[in-house]
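> With the first letter of the sequence shown counted as 1, position 70 gets the number 70 in the UniProt record's numbering; the numbers rise by one all the way through.
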Amino acid sequence: MRFTGRKRGVTALWDVAHPARPSRLAGVTMAGFGVHSLAAVRMVPHPAVTVAVEFGAGTPTVDDSAGRRQRGSLVAGVGFGVGGGAWARGENVECVQVRLSPMVVRAILGVSPADLEGTVVALDDLWGRETSRIRERLSEVSSWQDRFALTDALLARRFEARSSVDPEVAWVWKRIVADHGRVRIDRLADEVGWSRKRLWSRFHAQIGLPPKRAARLVRFDHAADRLSAGEGAARVAAEAGYADQSHLHRDVVAFSGATPATLTNEPFLAVDDVAWPTLRTPSPSPTSAN
1 MRFTGRKRGV
11 TALWDVAHPA
21 RPSRLAGVTM
31 AGFGVHSLAA
41 VRMVPHPAVT
51 VAVEFGAGTP
61 TVDDSAGRRQ
71 RGSLVAGVGF
81 GVGGGAWARG
91 ENVECVQVRL
101 SPMVVRAILG
111 VSPADLEGTV
121 VALDDLWGRE
131 TSRIRERLSE
141 VSSWQDRFAL
151 TDALLARRFE
161 ARSSVDPEVA
171 WVWKRIVADH
181 GRVRIDRLAD
191 EVGWSRKRLW
201 SRFHAQIGLP
211 PKRAARLVRF
221 DHAADRLSAG
231 EGAARVAAEA
241 GYADQSHLHR
251 DVVAFSGATP
261 ATLTNEPFLA
271 VDDVAWPTLR
281 TPSPSPTSAN
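1. Would you give the residue range spanned by the alpha helix (DSSP H) that residue 125 belongs to?
2. Thinking just about the alpha-carbon of each residue, which of 227, 159, 135 and 170 is nearest to the one in residue 107?
3. Locate the beta strand (DSSP E) running through residue 101, then write down its first and last residues.
4. I'd like to check one pair, residue 93 with residue 74: are the Cβ atoms closer than 8 Å?
5. Going straight from the alpha carbon of residue 81 to that of residue 255, what length do you get?
6. I'd like to know if the segment 241-248 and the segment 191-211 are in contact, where contact means that at least 3 CB-CB pairs between them fall below 8 Å.
7. Straight-line CA distance for residue 177 to residue 215?
8. One question on the structure: do residue 118 and residue 79 come within less than 8 Å of each other, judged by their Cβ atoms?
9. By how many angstroms is the C-alpha of residue 145 removed from the C-alpha of residue 17?
10. Using the Cβ count rule (16 or more neighbours within 10 Å means buried), how would you classify residue 141?
11. Would you say residue 35 and residue 267 are within 8 Å of each other, going by their C-beta atoms?
12. Report the option in 14, 155 and 31 whose CA atom is closest to the CA atom of residue 296.
13. Leaving out five residues before and five after residue 249 in sequence, what residues of the same chain have Cβ atoms less than 7 Å from its Cβ?
14. Determine, using beta carbons only, whether residue 60 and residue 31 come nearer to each other than 8 Å.
15. Note down, one range per segment and in chain order, each beta strand (DSSP E) of at least 3 residues found wholly within the segment 106-157.
16. According to DSSP, is residue 50 helix, strand or coil?
17. Can residue 48 and residue 112 be called in contact, C-beta distance under 8 Å?
18. For the candidate residues 186, 155 and 128, whose alpha-carbon lies nearest to that of residue 105?
19. Just to confirm before moving on: does the CB-CB distance between residue 183 and residue 168 stay below 8 Å?
20. Cutting at 7 Å between CB atoms, please list the residues of its own chain near residue 126, excluding the five before and the five after it.
21. Could you work out which residue in 19, 50 and 70 is closest to residue 77 when comparing CA atoms only?
22. For residue 279, which residues of its own chain have a beta-carbon under 6 Å away from its beta-carbon, when the five flanking residues on both sides are left out?
23. When DSSP labels each residue in this structure, what does residue 246 get in the three-state scheme?
24. If you drop the 5 nearest sequence neighbours on each side, which residues of the same chain put their C-beta closer than 7 Å to that of residue 236?
25. On the CB-based measure, 16 or more other CB atoms within 10 Å of its CB, does residue 233 come out buried or exposed?
26. Go to residue 204, then tell me how far its alpha helix (DSSP H) extends in each direction, as first and last residue.
27. Does DSSP classify residue 15 as helix, strand or coil?
28. May I ask you to report which of helix, strand or coil DSSP gives residue 287?
29. Starting from residue 269, follow its DSSP beta bridges and name the residues at the other end.
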């Protein structure tokens, strides 16, 4: 499918594909991108670790807020791009992009989400020679579905069956995601039978963010999706758990570096419904039982 995004007078023409069937691994989603010309796209923070495996003629680059530049295949940590200082550029780029739930990151990448917090690193640093091998194989096939199958098989081989996330941490993360970040974090430690200090420490180490910041990121991600879909800011603020529209405005600026009105035109978000098709469901009450 072809997607055209326009920002600041620059047109980004992308070919976008998504798998015909889900990954064999829970917590893994994929999309394929062919970028013919892209001057700059703001990377909007997302509550997942992102892996981009490029195999085309061009080389993508990502610049972060500290002025560092990463080229080629890369891994971006949970919430990378906070503050709006991360930008992606490239021409004639083809890549498979994988989003990993924090709960499967260590099992697949071999590092904790906490080690990737707020950063972007070269995939070579984590996978070594395996990165060049999968890039070569991806370039040898012409079908996006075959590329997704190759990538999924690689992820399955790397996956370690044992979980590296405590059941209590997994339960808290699932509550946060299910409630779109509106859950009251202070009550969750009591619900899992842990002290607040223990939950904060274990959650941060295993998910990559403290619980409250993780909830804010998930809530922002849900709100950003709705804003990008054309919903009004007042309605989104009321239904997404913000105190008022000003509260939504401040959070959007803090996470993305853009106002809610500007965020609706960001190609990074506008392409989501094409690349990552999902069924939108009403948000559950934050006080509902799990």
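Don't be surprised by glycine CBs; every beta carbon is placed ideally from N, CA and C.
Let's see:
1. 123-127
2. 159
3. Where residue 101 is concerned, there is no enclosing beta strand (DSSP E), given that its DSSP letter is neither H nor E.
4. no
5. 8 Å
6. no
7. 8 Å
8. yes
9. 9 Å
10. exposed
11. no
12. Absent from the model: residue 296. The displayed extent of the chain is 1 to 290, so no value can be given.
13. 259 and 260
14. no
15. 120-122
16. strand
17. no
18. 155
19. no
20. 75, 109, 110 and 111
21. 50
22. Low confidence applies to residue 279: its pLDDT is 41, below 50, so where it sits in the model is not reliable enough to give any reading.
23. helix
24. 223, 226, 227 and 248
25. buried
26. 196-207
27. strand
28. Its pLDDT being 36, under 50, residue 287 is placed unreliably by the model, and the measurement read from it follows with that caveat. Coil at residue 287, not helix or strand.
29. Looking at the DSSP assignment, residue 269 forms no beta bridge with any residue, so it has no partner.
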